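So the structure is just underneath, and the comments pick up after that.
In our numbering, the protein residues as written are 2 to 469.
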């Protein structure tokens with residue numbers, strides 16, 4: 002959208018909007034159609050402040066699939082039976098993991114499998130034969146979610162505002178920050194059917210919210226009436242990585258949209274995962290073995306500036322706010338998904354950036370690590386769509402895995418889930434100054450900023466430093 006200075010977390014692209022104040026964000030949509038979303042960028046306020054952002058085809062054009070009769074956003078969220086800011090503050094104070102959520106929601110409602118919420122369960126009314134487009138958005142803070150509609154096939158047509166070659170699945174997995182559009186045909190006996198979502202959780206021995214949120218797909222000519230119990234879909238087991246792999250491996254972009262960079266100027270390798278900070282026993286050390294949790298990339302755990310934003314520091318050449326020495330590869334090479342030495346468990350803290358030259362072709366290998374536990378990690382790159390040219394399990398091997406890359410019709414995304422105990426490779430052209438990958442770690446946030454070359458920033462569109 003070419004306005005990265007107006008889209009980022011507090012103290013990165015701008016200082017926070019003060020309580021009671023307003024901020025107007027004007028932007029131009031460029032080469033995007035489909036479903037995106039917006040959310041708060043100040044701490045955990047994003048748990049409740051979010052919504053759908055739908056970009057329809059231009060006037061005179063149409064979807065690359067049959068026009069639906071019914072369209073509906075399906076926004077998946079997490080809910081706590083506490084003030085969400087207090088949940089975050091408790092985790093920061095103790096150094097332990099945040100409390101898991103008490104419920105998941107669909108369009109703000111938990112659904113009638115939870116106590117005391119049946120009358121407000123979200124419903125979609127359809128007629129027999131209707132084509133229904135569901136715009137599924139995962140607005141949850143941390144949790145990957147399975148989603149399904151009982152007795153109905155889902156045809157996946159778009160993800161992260163980029164069209165896909167259609168394919169059919171009974172269940173989809175949507176990572177935090179991802180969107181997925183699916184078509185279904187109301188071709189079942191007239192009745193009431195649950196739409197349901199529950200966790201896909203991969204970290205070993207880590208607690209998670211093991212509840213199920215529901216909404217109802219209701220046929221208008223149903224003879225059973227609104228009092229009948231809806232049919233519940235069969236969702237995968239919480240750790241069913243095989244189903245997730247089978248689903249994501251079917252994603253292919255529409256060939257005309259694929260212009261994959263082949264000559265790579267910047268080849269980066271980022272490890273992602275948790276770390277543990279040693280500290281004396283006390284209330285701030287309630288992680289394993291008197292440690293506190295810290296998410297990291299390449300052994301760096303990001304520290305937000307406090308006295309000014311990164312953007313302002315760049316504009317005004319304010320020293321001491323950030324450095325440009327984020328490592329392009331892990332400082333120490335090790336068996337990333339094997340038995341990791343405890344000497345490598347403690348990250349360093351810093352506000353470190355990595356500079357890219359404007360227009361460069363960038364490849365980033367995103368590698369999960371087994372520090373504490375391997376886990377499926379959501380990664381978002383603000384300001385860009387990127388090509389997912391490869392994914393796999395174990396340690397990335399450039400000699401063998403590169404040959405398996407899809408450079409013809411890879412999916413185009415803005416958020417990816419790095420496979421549990423595995424890797425993903427993305428490519429993009431650095432032509433929107435200010436983009437930055439964001440690993441929203443389950444126990445914190447680790448962000449290597451990728452600001453583009455200062456000369457390019459001054460001569461292009463005025464956008465500056467990294468954003469989320």
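Positions of the beta carbon are idealized from the N, C-alpha and C atoms, including for glycine. Quick caveat: nothing in here was measured; it's all calculated off a predicted structure.
inquiry  = Under 8 angstroms: do the segment 327–337 and the segment 268–282 share three or more Cβ pairs, one atom per stretch?
reply    = yes
query = Is residue 369 helix, strand or coil when you go by DSSP?
reply = As a working note, residue 369 is residue 368 in the chain shown. Three-state result, residue 369: strand.
Where residue 444 falls, given that 16 or more other Cβ within 10 Å makes a residue buried = Position 443 of the chain shown, counted from the first residue, corresponds to residue 444. Summary for residue 444: the model assigns pLDDT 49, below 50, so the residue's position carries little reliability; its value from the coordinates is reported in the next sentence. Of the other Cβ atoms in all chains shown, 16 or more fall within 10 Å of the Cβ of residue 444; this residue is therefore buried.
inquiry  = On the criterion of 16 or more Cβ atoms from any shown chain inside 10 Å, does residue 404 qualify as buried, or is it exposed?
reply    = The residue labelled residue 404 in the question sits at position 403 within the chain shown. With fewer than 16 other Cβ atoms within 10 Å, it is exposed.
request  = Measure from the alpha carbon of residue 398 to the alpha carbon of each residue in 377, 368, 382, 380, then state which is nearest.
outcome  = Position 397 of the chain shown, counting from 1, holds the residue named residue 398. Ranking 377, 368, 382, 380 by Cα distance to residue 398 puts 368 first.
query = Is residue 121 helix, strand or coil when you go by DSSP?
reply = Reading the chain shown from its first residue, position 120 is the one you call residue 121. Residue state, collapsed to three classes: helix.
task = Pick helix, strand or coil for residue 5, following the three-state DSSP scheme.
result = Against the chain shown, residue 5 aligns to sequence position 4. In this structure, residue 5 counts as helix in the three-state DSSP scheme.
ask   = If you count every other CB in all the chains shown that lies within 10 Å of the CB of residue 308, and 16 or more means buried, which is it?
value = Against the chain shown, residue 308 aligns to sequence position 307. Classification of residue 308: exposed, given that the 10 Å Cβ count is below 16.
key: residue 444, DSSP secondary structure in three states   = By 1-based counting over the chain shown, the position of residue 444 is 443. Bear in mind that the predicted position of residue 444 carries a pLDDT of just 49, short of 50, making it unreliable; the figure below should be weighed with that in mind. Looking at residue 444 - three-state DSSP - the assignment turns out to be coil, as it is neither helix nor strand.
key: Other residues of its chain near residue 81: CB distance less than 6 angstroms, five sequence neighbours each side excluded   = The count along the chain shown starts at 1 and reaches residue 81 at position 80. Excluding positions up to five away in sequence, the list reads 88, 102, 103.
ask   = Taking residue 233 as the reference, which of 70, 215, 362 has the closest Cα?
value = Reading the chain shown from its first residue, position 232 is the one you call residue 233. Closest option to residue 233, Cα to Cα, is 215.
query = If we count Cβ pairs, one from each stretch, closer than 8 angstroms, do we get three or more for the segment 242–257 versus the segment 342–361?
reply = no
message = Taking the straight line between their C-alpha atoms, what separation do you get for residue 432 and residue 47?
response = Position 431 of the chain shown, counted from the first residue, corresponds to residue 432. Position 46 of the chain shown, counted from the first residue, corresponds to residue 47. Whole-angstrom Cα-Cα distance: 28 angstroms.
key: Member of 18, 406, 33 whose CA lies at the smallest distance from the CA of residue 44   = Position 43 of the chain shown, counted from the start, is the residue given in the question as residue 44. With respect to the C-alpha of residue 44, the residue from 18, 406, 33 having the closest C-alpha is 18.
message = Could you give the first and the last residue of the continuous beta strand (DSSP E) run that contains residue 220?
response = The count along the chain shown starts at 1 and reaches residue 220 at position 219. Taken as a continuous stretch (DSSP letters only), the beta strand (DSSP E) holding residue 220 covers 213–220.
ask   = Bridge partners of residue 54, per DSSP?
value = The residue labelled residue 54 in the question sits at position 53 within the chain shown. In the DSSP output, where bridge partners are listed per residue, residue 54 has 37.
Rounded separation between residue 200 and residue 112 - CA only = Counting from 1 along the chain shown, the entry for residue 200 is found at position 199. Counting from 1 along the chain shown, the entry for residue 112 is found at position 111. Each residue's alpha carbon lies about 15 angstroms from the other.
Beta strand (DSSP E) segment containing residue 316, residue limits = Along the chain shown, read from residue 1 onward, the residue named residue 316 stands at position 315. Per DSSP, residue 316 belongs to no beta strand (DSSP E); it is in the alpha helix (DSSP H), 311–316.
message = Could you tell me which whole beta strand (DSSP E) segments of length 3 or greater appear in the segment 63–138?
response = Here the runs fully enclosed are 71–80, 104–107, 124–127.
Simplified DSSP assignment, three categories, for residue 408 = Reading the chain shown from its first residue, position 407 is the one you call residue 408. Coil, per DSSP.
request  = Verify whether the separation of the beta carbon atoms of residue 209 and residue 202 is less than 8 angstroms.
outcome  = Here the question's residue 209 lines up with position 208 in the chain shown. Here the question's residue 202 lines up with position 201 in the chain shown. Their beta carbons are under 8 angstroms apart, which means residue 209 touches residue 202 by this criterion.
query = Does DSSP put residue 232 in a helix, in a strand, or in coil?
reply = By 1-based counting over the chain shown, the position of residue 232 is 231. Note: residue 232 maps to strand in three-state DSSP.
inquiry  = Please give the ranges of any alpha helix (DSSP H) in the segment 238–272, keeping only runs that are unbroken, at least 4 residues long and fully inside the region.
reply    = Runs found: 242–249.
query = From what residue to what residue does the beta strand (DSSP E) around residue 380 run?
reply = As a working mapping, residue 380 is identified with position 379 in the chain shown. First-last of the beta strand (DSSP E) with residue 380: 378–382.
request  = Please look up how many angstroms separate the CB atoms of residue 195 and residue 153, rounded, as I've assumed it's under 8 angstroms.
outcome  = Taking the first residue of the chain shown as 1, we reach residue 195 at position 194. Taking the first residue of the chain shown as 1, we reach residue 153 at position 152. So it is not a contact: roughly 10 angstroms between Cβ atoms.
query = Taking three-plus beta-carbon pairs below 8 angstroms as touching, is the segment 169–183 in contact with the segment 120–132?
reply = No, the segment 169–183 does not touch the segment 120–132.
query = In angstroms, rounded to a whole number, what distance separates the CA positions of residue 108 and residue 78?
reply = Along the chain shown, one-based indexing puts residue 108 at 107. Along the chain shown, one-based indexing puts residue 78 at 77. Whole-angstrom Cα-Cα distance: 8 angstroms.
key: With 16 other Cβ atoms within 10 Å as the buried cut-off, status of residue 377   = In the chain shown, the residue the question calls residue 377 occupies position 376. Classification of residue 377: buried, given that the 10 Å Cβ count is 16 or more.
ask   = Taking C-beta to C-beta, are residue 245 and residue 388 nearer than 8 angstroms?
value = Here residue 245 refers to the residue found at position 244 when the chain shown is read from its first residue. Here residue 388 refers to the residue found at position 387 when the chain shown is read from its first residue. For residue 245 and residue 388, no; Cβs fall outside 8 angstroms.
key: Limits of the unbroken beta strand (DSSP E) element including residue 59   = Position 58 of the chain shown, counted from the start, is the residue given in the question as residue 59. Bounds of any beta strand (DSSP E) do not take in residue 59, whose DSSP letter is neither H nor E.
key: For residue 359, the nearest candidate out of 429, 419, 423, 290 (CA to CA)   = One-based indexing of the chain shown puts residue 359 at position 358. Closest option to residue 359, Cα to Cα, is 429.
Cβ distance (whole Å) where residue 324 is taken to contact residue 352 below 8 angstroms = Counted from its first residue, the chain shown places residue 324 at position 323. Counted from its first residue, the chain shown places residue 352 at position 351. Going by Cβ atoms, the distance from residue 324 to residue 352 rounds to 7 angstroms, so yes, they are a contact pair.
query = Any contact of the segment 143–151 with the segment 9–25, i.e. 3+ C-beta pairs under 8 angstroms?
reply = No: the two stretches stay apart, fewer than three of their Cβ pairs being nearer than 8 angstroms.
ask   = By Cβ distance, which residues of its chain are closer than 8 angstroms to residue 165, with the 5 residues on each side in sequence left out?
value = By one-based count along the chain shown, residue 165 stands at place 164. Closer than 8 angstroms at Cβ, skipping near neighbours: 157, 158, 159, 252, 253, 254, 255, 412.
key: residue 46 - DSSP class collapsed to helix/strand/coil   = Mapped onto the chain shown, residue 46 falls at position 45. Here residue 46 sits in helix by DSSP.
ask   = Whose C-alpha, out of 36, 6, 315, is nearest the C-alpha of residue 74?
value = Looking up residue 74 in the chain shown gives position 73. Closest option to residue 74, Cα to Cα, is 36.
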